Amino acid sequence: MGFTLIKIRVDPFILYNTNHAFMMNKFNLLLIFFLIMGNYCTAQKLHARYENILSPSATYMEHVYFEDGKNMSIRDSIRVKVESESELEEDFNTASMTVVLDNSTVYCGLVWHEVGKLEMHETRGYENQNYLVEDTTFPGISWNLEDSKEEKFGDYQCKRATADYRGTKLIAYYTEQIPIPAGPNKFTGLPGLIVMVYNEGVFPNYWLLKEVKYPYVGEVPVNEEYIGSLPKISLEKFVVREEEKVAQQIKIMHSKLPEGVEIETPKDSKKIRGTVEQVYEWEKTTN
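The sequence shown begins at 1 in my numbering and counts up by one.
So this is what it looks like as structure tokens:
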């Protein structure tokens with residue numbers, strides 16, 4: 001059995017056009033891909049403004065910027081003024097260390113981290129000095145999404161989520177209408193933007209969404225060079241130092257009480273902090 005050799009002549013012009021068309025299609029596909037990715041990245045930028053209610057007389061505005069998985073929360077240094085309070089009361093209550101950002105706006109503090117990472121950074125003031133506080137013990141927030149309760153806040157249909165976090169219980173409402181895992185302060189990681197969040201306890205803190213820009217096309221007004229120049233301190237050392245100062249102030253106050261007047265504190269009384277965090281990781285290991 002023999003084989004017949006068949007010769008096929010390919011016109012170089014046809015071959016060139018075929019390769020050229022293939023390369024053009026490949027280029028077009030890449031161009032479309034990068035355009036889609038560019039739009040996706042732009043859509044991932046967000047700016048939200050929250051009202052942070054610490055008490056009936058202490059409310060602050062907090063700005064949140066989200067980009068590339070990074071959540072930056074910035075709280076205004078000036079309180080939202082209550083109509084009944086005086087200028088003197090306002091000046092007294094807003095005395096705090098501040099940070100001046102790129103747009104010359106004065107802010108009280110910054111909190112930022114990458115969603116999903118067990119590390120947190122924030123700026124905090126102590127005795128006329130700003131510090132870059134590093135929280136390497138941050139446990140993350142494990143949200144329970146099995147809660148079937150839903151509520152509507154403004155134009156947003158929200159689902160409820162709960163979490164146990166550093167000795168307190170968090171209640172959050174998030175909306176899947178804005179599928180960005182952002183939120184105020186350190187509260188992130190839900191399958192939608194947090195619209196409202198608070199902690200249960202003696203001193204509840206509330207955050208309520210007031211305005212959102214999504215997608216956001218502006219820049220994050222943070223002076224990274226200044227932030228990087230701040231002296232660094234661990235969260236544990238900062239908290240211990242801060243609470244030792246408070247204890248010293250209480251001791252001085254007790255020493256100034258009239259003779260015969262005493263303030264009793266039960267020995268088995270539980271420490272209650274005026275913050276969201278009630279029990280830190282290093283306290284669990286020492287107790």
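Glycine included, each C-beta is placed from N, C-alpha and C at the ideal position.
All values reported here derive from a predicted model rather than from experimental measurement.
{"Check": "Determine the closest residue to Val212 out of Tyr60, Ala182 and Thr59, with distance taken between C-alpha atoms.", "Outcome": "Ala182"}
{"Check": "Let me confirm a value: Asp155 is counted as buried when at least 16 other C-beta atoms fall within 10 Å, else exposed. Which label applies?", "Outcome": "exposed"}
{"Check": "Entirely within the region 213–278 and at least 3 residues each: give me those beta strand (DSSP E) ranges in chain order.", "Outcome": "232–234"}
{"Check": "Nearest-angstrom Cα distance between Glu114 and Ser57?", "Outcome": "32 Å"}
{"Check": "Is Lys284 helix, strand or coil when you go by DSSP?", "Outcome": "helix"}
{"Check": "Could you spell out where the beta strand (DSSP E) holding Ala182 opens and where it closes?", "Outcome": "From DSSP, Ala182 is part of no beta strand (DSSP E); its letter is neither H nor E."}
{"Check": "How would you call Lys109, buried or exposed, if buried means at least 16 neighbouring beta carbons within 10 angstroms?", "Outcome": "The amino acid at residue 109 is misidentified as Lys; the sequence shows Gly. Gly109 comes out buried."}
{"Check": "Please go through the region 105–184 and give each complete beta strand (DSSP E) segment of 3 or more residues, from N-terminal end onward.", "Outcome": "106–114, 120–125, 130–135, 150–153, 156–165 and 168–175"}
{"Check": "If you count every other CB in all the chains shown that lies within 10 Å of the CB of Val197, and 16 or more means buried, which is it?", "Outcome": "buried"}
{"Check": "Here's the rule: buried if 16 or more other CB atoms are within 10 angstroms of the residue's CB, otherwise exposed. What is Arg166?", "Outcome": "buried"}
{"Check": "Give the straight-line distance between the Cα atoms of Gly38 and Glu244, rounded to the nearest whole angstrom.", "Outcome": "The predicted model places Gly38 with a pLDDT of 40, which falls under 50 and marks its position as unreliable; any figure quoted below should be read in that light. In a straight line, the C-alpha of Gly38 is about 50 Å away from that of Glu244."}
{"Check": "Within its chain, find whatever has a CB closer than 8 Å to the CB of Thr162; leave out the 5 residues flanking it on each side and keep chain order.", "Outcome": "Trp143, Asn144, Asp147, Lys169, Leu170, Ile171 and Ala172"}
{"Check": "If we ignore side chains and look at the alpha-carbon of each, how far apart do Gln177 and Glu119 end up?", "Outcome": "28 Å"}
{"Check": "Which residues in the same chain have their Cβ closer than 7 Å to the Cβ of Val261, if we skip the five residues on either side of it in sequence?", "Outcome": "none"}
{"Check": "What's the gap between the Cα of Val279 and the Cα of Phe203?", "Outcome": "14 Å"}
{"Check": "Leaving out five residues on either side along the sequence, give the residues of the same chain with a beta carbon under 6 Å from the beta carbon of Gly274.", "Outcome": "Phe203"}
{"Check": "DSSP state of Asn71, grouped into three classes?", "Outcome": "strand"}
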